[in-house]
Amino acid sequence: MRIKLNEDRKSEIVRALMGYFSSEFDEEISEFRAQELVEFMLKQIGPSQYNQAIQDARKYMQEKLEDLDTEFFEPDDL
């Protein structure tokens with residue numbers, strides 16, 4: 010699976026990366042290089058972060074479903 014960003018979000022990240030290099034490293038990088046770095050990071054880090062987010066969401070939902078039993082369980086009065 011390849012993670013894709015919409016063009017507006019990608020442009021925001023590219024601009025932020027260019028600003029980061031300028032302020033933190035006192036180095037200017039071109040928009041092309043910033044775009045390439047974003048693509049590289051998406052390929053290298055994106056899948057693992059996506060998978061971790063899915064695991065975190067699954068764990069959260071399981072905990073909430075388990076809470077249903079304790080919060081709303083009504084014992085049978087037979």
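Positions in the sequence shown are counted from 1; adding 9 to them yields the numbering used here.
Just so it is clear, CB atoms sit at the ideal spot from N, CA and C, and this is done for glycine as well.
- Asn60: member of the alpha helix (DSSP H) spanning Gly55 to Phe81, first to last residue.
- Around Leu46, the same chain offers Leu26 as residues with beta carbons nearer than 7 Å, after the five sequence neighbours per side are excluded.
- If you look at Arg24, you'll find it in the alpha helix (DSSP H) that goes Glu16 to Phe34.
- In the structure shown, Arg42 falls within a helical segment according to DSSP collapsed to helix, strand and coil.
- The three-state reading of DSSP puts Lys13 in coil, since its state is none of H, G, I, E or B.
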